[in-house]
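Beneath this line is the structure, given in structure tokens, with notes to follow.
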Amino acid sequence: MKIFVLHDSATVAAITGAQKPACDALALATDDPSDVDFCFVGENPLGPGWLIDNELPSDRIACWSGTLAEPPDLFAAHPHNWMNPGRETLDAFLDEMIPQLEKTSRRLTLIPHARHVLSDVQGSINLVRERADTPVEVALAPTHLLTPSMIHVLEDHYTRAFETLSDPAPFLLLEDFVVNEEDPERLRTVPLGEGLLDRSMTRDLVRDHWNHDKPVILGPGSLPDQLEWLGLGPHEIDR
Numbered sequence: 005m006k007i008f009v010l011h012d013s014a015t016v017a018a019i020t021g022a023q024k025p026a027c028d029a030l031a032l033a034t035d036d037p038s039d040v041d042f043c044f045v046g047e048n049p050l051g052p053g054w055l056i057d058n059e060l061p062s063d064r065i066a067c068w069s070g071t072l073a074e075p076p077d078l079f080a081a082h083p084h085n086w087m088n089p090g091r092e093t094l095d096a097f098l099d100e101m102i103p104q105l106e107k108t109s110r111r112l113t114l115i116p117h118a119r120h121v122l123s124d125v126q127g128s129i130n131l132v133r134e135r136a137d138t139p140v141e142v143a144l145a146p147t148h149l150l151t152p153s154m155i156h157v158l159e160d161h162y163t164r165a166f167e168t169l170s171d172p173a174p175f176l177l178l179e180d181f182v183v184n185e186e187d188p189e190r191l192r193t194v195p196l197g198e199g200l201l202d203r204s205m206t207r208d209l210v211r212d213h214w215n216h217d218k219p220v221i222l223g224p225g226s227l228p229d230q231l232e233w234l235g236l237g238p239h240e241i242d243r
């Protein structure tokens with residue numbers, strides 16, 4: 005299995021002595037930090053001034069699908085995200101980006117989130133099908149599709165996400181979660197094994213649905229503990 009870890013780009017630059025790339029995070033291979041699966045460009049791609057630097061060290065750029073909510077809260081609920089204005093704004097953004105992506109031989113991978121325009125499995129797979137012949141992809145990031153109200157039916161939501169998005173998704177972003185203490189209407193991601201995610205269910209879904217030739221991206225945290233939680237030994241990680 006190909007394991008990558010999402011590292012803060014400023015921290016990576018400080019450790020290596022290199023200049024910080026124009027992105028928020030880098031997905032680096034556990035065995036070779038020079039192997040970058042994608043660069044994550046944060047903030048709101050549907051807001052003004054969002055750009056991709058052509059010097060980023062990966063051909064794959066990942067970002068949120070965006071929101072119509074006013075800054076600075078990127079994850080504020082906004083009903084228009086899930087109505088026509090949200091999807092129309094996202095489509096206009098993608099139509100503008102695709103010629104640039106094709107010119108530079110890059111791919112753009114959208115990471116869905118329950119409070120963004122791509123907020124659920126159905127919307128994600130619809131976009132995948134509509135943009136099948138373009139350099140636009142959608143990641144499998146099941147934790148980001150959850151809301152606190154879904155916790156009691158977590159297995160249903162996770163299973164549907166894996167069954168629907170595992171095949172087209174270029175990578176699996178696998179994170180645990182807890183309820184946000186400051187705002188119980190939101191979830192907060194944590195490393196695997198430090199939250200409420202069911203271990204047995206997750207391991208079964210990864211084993212049965214995820215193509216092990218494609219990357220699994222883990223959040224920052226103790227890598228040995230996360231790998232142990234997933235049931236992976238050193239011999240099961242691609243080197």
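Under the numbering used here, the first residue of the sequence shown carries the number 5, and numbering increases by one thereafter. Note that the Cβ used here is the ideal one computed from N, Cα and C, for glycine as well. Remember, it's a predicted structure, so these values are computed and weren't measured experimentally.
Three-state secondary structure assigned by DSSP to residue i
{"i": "P195", "result": "coil"}
{"i": "W54", "result": "coil"}
{"i": "D160", "result": "helix"}
{"i": "T108", "result": "helix"}
{"i": "D229", "result": "helix"}
{"i": "D208", "result": "helix"}
{"i": "R243", "result": "Caution applies to R243, whose pLDDT of 46 falls short of 50 and renders its modelled position unreliable; the value that the coordinates give is listed next. Residue state, collapsed to three classes: coil."}
{"i": "D95", "result": "helix"}
{"i": "L178", "result": "strand"}
{"i": "G46", "result": "coil"}
{"i": "E186", "result": "coil"}
{"i": "P83", "result": "helix"}
{"i": "V121", "result": "coil"}
{"i": "E141", "result": "strand"}
{"i": "P219", "result": "strand"}
{"i": "A136", "result": "coil"}
{"i": "L78", "result": "coil"}
{"i": "T151", "result": "coil"}
C-beta atoms of residue i and residue j nearer than 8 Å
{"i": "L10", "j": "A31", "result": "yes"}
{"i": "L191", "j": "W233", "result": "no"}
{"i": "L254", "j": "A143", "result": "Because the chain is modelled from 5 through 243, residue 254 falls outside the range shown and cannot be assessed."}
{"i": "T163", "j": "L209", "result": "yes"}
{"i": "A173", "j": "L149", "result": "no"}
{"i": "S13", "j": "K24", "result": "yes"}
{"i": "P116", "j": "S69", "result": "yes"}
{"i": "D217", "j": "V194", "result": "no"}
Cβ-based burial, residue i [other Cβ within 10 Å; buried from 16]
{"i": "G237", "result": "exposed"}
{"i": "R243", "result": "At R243, the pLDDT of 46 sits below 50, so the modelled position is not reliable; the number obtained from the coordinates is stated separately. Under this definition R243 is an exposed residue."}
{"i": "E100", "result": "exposed"}
{"i": "R203", "result": "exposed"}
{"i": "R133", "result": "exposed"}
{"i": "S226", "result": "exposed"}
{"i": "N215", "result": "exposed"}
{"i": "V121", "result": "buried"}
{"i": "H161", "result": "buried"}
{"i": "G223", "result": "buried"}
{"i": "Q126", "result": "exposed"}
{"i": "R211", "result": "exposed"}
{"i": "V182", "result": "exposed"}
{"i": "L200", "result": "exposed"}
{"i": "T147", "result": "buried"}
Any non-hydrogen atom of the ligand SAH closer than 7 Å to residue i Cβ
{"i": "L149", "result": "Although the ligand SAH was asked about, the structure shown includes no ligands whatsoever."}
Rounded distance between the beta-carbons of residue j and residue i, thought under 8 Å
{"i": "D28", "j": "F44", "result": "5 Å"}
{"i": "N48", "j": "L78", "result": "6 Å"}
{"i": "L94", "j": "L50", "result": "7 Å"}
{"i": "V140", "j": "L98", "result": "6 Å"}
{"i": "V220", "j": "L176", "result": "5 Å"}
(message) Count Cβ pairs between the segment 99-109 and the segment 72-82 that sit closer than 8 Å; are there 3 or more?
(response) no
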